[in-house]
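Protein chains in written order, with the working numbering: chain A, -1 to 339; chain B, 2 to 301.
Even glycine gets a Cβ: it sits at the ideal position worked out from N, Cα and C.
What follows is one structure encoded as structure tokens, with my remarks underneath.
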Amino acid sequence: MSEVRAETSVVTRSADSARPRPWYFDILIAIVAFAILVTLPMLFTSKALPDFVIRCAAFGLFATSLNLLVGYTGMISFGHGMFFGLGAYGFGLLMQRADVSIPTAIVCTLLISAVAAVVIGAICVRLKEIYFAFVTLAFQMLIHSVILSWQPLTGGDQGLRGGIKRPVFWGIDLSNHTHLYIFSCALLVIGLLLMRQIAQSPFGYTLRMIRDNPVRASFIGINVWRAKLTVFVLAAIFASVGGIIMSLFVSGAYPEFAYWTISGEGIFINMLGGVTTFLGPMVGTVLLLILNDTATRLTEHYGLVLGVVILFFALGLRKGLMDFVVDWLQSRRESSKGRHS
Amino acid sequence: MDLDALIGCFASSACVVTQTTSGLIIGMLLFLVAVGLTLIFGVLKIVNFSHGAFYMFGAYFALTGYQLTGSFTLAMLCGAVGTAVIGLIFERVFISRVYGRDVLMQLLVCYAFVLIFDDTVKLIWGPEFKSMGMPDAFRVPPWFIAGGIVPPFYVLLIAVALAVAALLGIGLARSRLGKVIRAAAQNPDMVSSLGINTAVIYGSVFALGCGLAGLAGALAAPVRSMTPGMGFSVLIESFIVTVIGGMGSILGALIGALLIGLIRSFGSLGFPLFTDGLMYLFMVIILVARPTGLFGKDVA
Chain A
-1 MSEVRAETSV
9 VTRSADSARP
19 RPWYFDILIA
29 IVAFAILVTL
39 PMLFTSKALP
49 DFVIRCAAFG
59 LFATSLNLLV
69 GYTGMISFGH
79 GMFFGLGAYG
89 FGLLMQRADV
99 SIPTAIVCTL
109 LISAVAAVVI
119 GAICVRLKEI
129 YFAFVTLAFQ
139 MLIHSVILSW
149 QPLTGGDQGL
159 RGGIKRPVFW
169 GIDLSNHTHL
179 YIFSCALLVI
189 GLLLMRQIAQ
199 SPFGYTLRMI
209 RDNPVRASFI
219 GINVWRAKLT
229 VFVLAAIFAS
239 VGGIIMSLFV
249 SGAYPEFAYW
259 TISGEGIFIN
269 MLGGVTTFLG
279 PMVGTVLLLI
289 LNDTATRLTE
299 HYGLVLGVVI
309 LFFALGLRKG
319 LMDFVVDWLQ
329 SRRESSKGRH
339 S
Chain B
2 MDLDALIGCF
12 ASSACVVTQT
22 TSGLIIGMLL
32 FLVAVGLTLI
42 FGVLKIVNFS
52 HGAFYMFGAY
62 FALTGYQLTG
72 SFTLAMLCGA
82 VGTAVIGLIF
92 ERVFISRVYG
102 RDVLMQLLVC
112 YAFVLIFDDT
122 VKLIWGPEFK
132 SMGMPDAFRV
142 PPWFIAGGIV
152 PPFYVLLIAV
162 ALAVAALLGI
172 GLARSRLGKV
182 IRAAAQNPDM
192 VSSLGINTAV
202 IYGSVFALGC
212 GLAGLAGALA
222 APVRSMTPGM
232 GFSVLIESFI
242 VTVIGGMGSI
252 LGALIGALLI
262 GLIRSFGSLG
272 FPLFTDGLMY
282 LFMVIILVAR
292 PTGLFGKDVA
């Protein structure tokens, strides 16, 4: 990726970093976050909390990886959920049929998702905006229909049933709920840390540039198609990690994991939390899952409630939650600056 | 895979006729939905992601209209006009707020309405499968053409769709309104500075598009079963049609829809499990070979 490195100095100068941070800053935050997550179940004895956090980990990884496409590169994928589904089904099937260890299954699942993403991405990424959105959506529907119709392998509309074996590896026993919880948290934190590194790398700034001005980016000598395909594949890999967590959590896989509504919810999570900050999708995930749990408890018309909330955000607020926080911090900083001078 | 069945079918004229007619009605229904989608995109530059929901409304309106009046013609009108009215309100109140905003917002607003419309139908008509049944006028023995079965209703459906295609094609090319619409698609600012109310044009094009989807739903009501969420697969298929035919082209929508219809009907013989897959495969081939679609201008 020499062409990327060549123009980094140009791009980073315009970067929004206020003051330089030491390189280990993100790692420190990750370690602290992991420590907090691990101690959470000890502080609150509620049994629902670990389950909630595991689901947050699954959907959070999925949504954050989608933000790499939507927020950083400006590629609105409406079919990102297919990789979530592929992760869940790939992992579940490998564990049920192939009799391999969990780490091997995870690596193989990620490889499968990456290969699928290369093929699908190669077809999709040169399409513009709305075409890209719909053709990715079409591929999602294709994968969903394959899952439904390939009954002998996937169990059709019943999903993968019979549970997933969890052989002990490296002293970790995932059939133990505490182990599963810590394992999911670790995957979440590592995944977020890696994506953060991608977003802050020269490659990440190349992506922002492609989002803002693809023509200029290609004039500078960036292979836009290759950069977009690379981030498409990377995002797919992280999304399928989310799928793996989900399949471990429910001990199976269901066709809904590959249905288009997952992608729609992913897009909405991004909107809800805000696409301009790295952690926006994580905040959005927590909000949506709380909304989801409350709404499904109170009413059967979940779609109606979710639809109205989406409208409120899209037409009313026009911004995500984290965007408001960022704006507020900025205006505070500016007003304090004004007072000092 | 069952290639023998497919080859066997081509050997008998009866099977070819039967499969072709069933392919044609799939294609014609898709055409009515897709042409609305492509028209709205061409003029308003918005992909109506909730277009499938209007197809669903058309079917349910026709069902209610038929149950209330017992007249099939009125039921069809009910489906088409009712959805056009909803489309108009939807455009004026919500879609008009996202013109020129980024695609993400447009998609989100439409996505919200897919959820809302599906749940509304569930609230009003219930979540279970419904069917309207064939109207009495068409409960006659089918015609046999070259040994193949052709129900009269299918002929009506194909005729209605072809009439719509001809009317739209000629209307857009020749009539004054058609010219204004085409001008508004090219340069809305210029059109509005010439004293034409573009908001009216936008609203009526959107309503027309939705009405056509509603008509498709109403025509499908006697031959398909209805369920909330039935519109979504139709939306995806009609989007594939517009990708194949080219966004903004009526002829493209017609040809694309017929191709998809025939692929589905013959494909279901040869590849029963992979019928959907064939359709996507075809789309991919077209996209790779001609990214703007068969009849598309340079928009992709």
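Nearest residue (CA-CA) to residue i, options the options
i             : options                       : result
residue 318/A : 69/A, 240/A, 60/A and 19/A    : 69/A
residue 109/A : 225/A, 237/A, 162/A and 147/A : 237/A
residue 233/B : 212/A, 129/A, 171/A and 136/A : 136/A
residue 222/B : 246/B, 4/B, 16/B and 78/B     : 78/B
residue 57/B  : 115/B, 96/B, 92/B and 141/B   : 115/B
residue 152/A : 83/A, 263/A, 79/A and 310/A   : 83/A
residue 48/B  : 118/A, 257/A, 131/A and 298/A : 131/A
residue 263/A : 282/A, 183/A and 277/A        : 282/A
Inter-residue spacing [alpha-carbon to alpha-carbon] between residue i and residue j
i             : j             : result
residue 273/A : residue 81/A  : 20 Å
residue 301/B : residue 293/B : With a pLDDT of only 35 at residue 301/B, under the threshold of 50, the placement of this residue in the model should not be trusted; the figure read from the coordinates follows. Straight-line Cα distance between these residues: approximately 5 Å.
residue 180/B : residue 113/A : 48 Å
residue 285/A : residue 219/A : 41 Å
residue 80/B  : residue 37/A  : 58 Å
residue 209/B : residue 66/B  : 20 Å
residue 229/B : residue 19/A  : 53 Å
residue 42/A  : residue 320/A : 26 Å
residue 72/A  : residue 250/B : 27 Å
residue 65/A  : residue 269/A : 10 Å
residue 260/A : residue 54/A  : 14 Å
residue 217/A : residue 126/A : 18 Å
residue 202/A : residue 325/A : 23 Å
residue 51/A  : residue 34/A  : 12 Å
residue 11/B  : residue 21/B  : 11 Å
residue 85/A  : residue 157/B : 47 Å
residue 281/B : residue 189/A : 32 Å
residue 189/B : residue 76/A  : 29 Å
residue 195/A : residue 63/B  : 55 Å
residue 162/A : residue 105/A : 17 Å
residue 202/B : residue 186/B : 10 Å
residue 257/B : residue 245/B : 6 Å
residue 5/B   : residue 266/B : 15 Å
residue 29/B  : residue 296/B : 18 Å
residue 236/B : residue 53/B  : 5 Å
residue 131/B : residue 193/A : 47 Å
residue 160/B : residue 61/B  : 22 Å
residue 1/B   : residue 147/A : Summary: the structure shown does not reach residue 1/B, with chain B confined to residues 2 through 301, and so no result is reported for it.
residue 7/A   : residue 264/B : In this predicted model, residue 7/A has a pLDDT of only 39, less than 50, meaning its place in the structure is not dependable; the value taken from the coordinates is given anyway. Approximately 53 Å between the Cα atoms of the pair.
residue 12/A  : residue 287/B : Confidence at residue 12/A is low in this model, with a pLDDT of 41, below 50, so the placement of that residue should be treated as unreliable; the coordinate-derived value is given next. Roughly 41 Å separates the two Cα atoms.
Beta strand (DSSP E) segment containing residue i, residue limits
i             : result
residue 150/B : 149 to 151
residue 144/B : 144 to 146
Start-to-end residues for the alpha helix (DSSP H) that takes in residue i
i             : result
residue 38/A  : 23 to 41
residue 142/A : 127 to 147
residue 62/A  : 46 to 65
residue 43/B  : 14 to 45
residue 180/B : 177 to 187
residue 157/A : Segment: none, residue 157/A is in no alpha helix (DSSP H) and carries neither H nor E.
residue 19/A  : From DSSP, residue 19/A is part of no alpha helix (DSSP H); its letter is neither H nor E.
residue 203/B : 199 to 221
residue 279/A : 278 to 296
residue 302/B : Since the first residue shown for chain B is 2 and the last is 301, residue 302/B is missing from the structure and cannot be characterised.
residue 108/A : 100 to 122
residue 70/A  : Element bounds for residue 70/A: n/a, residue is neither H nor E.
residue 93/A  : Neither: residue 93/A is in no alpha helix (DSSP H) and is coded neither H nor E.
residue 258/A : 258 to 271
residue 274/B : Neither: residue 274/B is in no alpha helix (DSSP H) and is coded neither H nor E.
residue 275/A : Here residue 275/A belongs to no alpha helix (DSSP H), and DSSP marks it neither H nor E.
residue 236/B : 231 to 246
residue 307/A : 300 to 309
Quiz item: Can you list, in chain order, the stretches of the alpha helix (DSSP H) that have 4 or more residues and sit fully within the region 62 to 105 of chain B?
Solution: 73 to 94
Quiz item: At a Cβ cut of 9 Å, what residues of the region 23 to 49 of chain A count as close to chain B, listed as they run along the chain?
Solution: none
Practice problem: Just list the alpha helix (DSSP H) runs in the region 184 to 256 of chain A, keeping only unbroken ones of 4 residues or longer that don't cross its boundaries, in chain order. | Solution: Counting only runs of at least 4 residues, the region 184 to 256 of chain A fully encloses the following alpha helix (DSSP H) elements, listed from N- to C-terminal order: 200 to 210, 212 to 218 and 222 to 248.
Quiz item: In the region 263 to 287 of chain A, which residues sit with their C-beta less than 7 Å from some C-beta in chain B, listed in chain order?
Solution: Correct list: 265, 266 and 269.
Quiz item: What are the residues of the region 127 to 149 of chain A that lie near chain B, defined by any Cβ-Cβ distance shorter than 8 Å?
Solution: So the close ones are 127, 128, 129, 131, 132, 133, 135, 136, 137, 139, 140, 143, 144, 147 and 148.
Practice problem: Taking only beta carbons into account, state which residues of the region 101 to 118 of chain B come closer than 7 Å to chain A, listed in chain order. | Solution: 104, 105, 106, 108, 109, 110, 112, 113, 114, 116 and 117
Practice problem: Pull out every residue of the region 226 to 243 of chain B whose Cβ sits closer than 7 Å to any Cβ of chain A, in chain order. | Solution: 237, 240 and 241
Practice problem: Taking only beta carbons into account, state which residues of the region 80 to 100 of chain B come closer than 9 Å to chain A, listed in chain order. | Solution: 95, 98 and 99
Quiz item: When Cβ atoms are compared, which residues of the region 264 to 292 of chain B fall closer than 8 Å to chain A?
Solution: 274, 275, 277, 278, 281, 284, 285, 288, 289 and 292
Practice problem: With 8 Å as the C-beta to C-beta threshold (strictly closer), list the residues of the region 47 to 80 of chain A near chain B in chain order. | Solution: 68, 74 and 76
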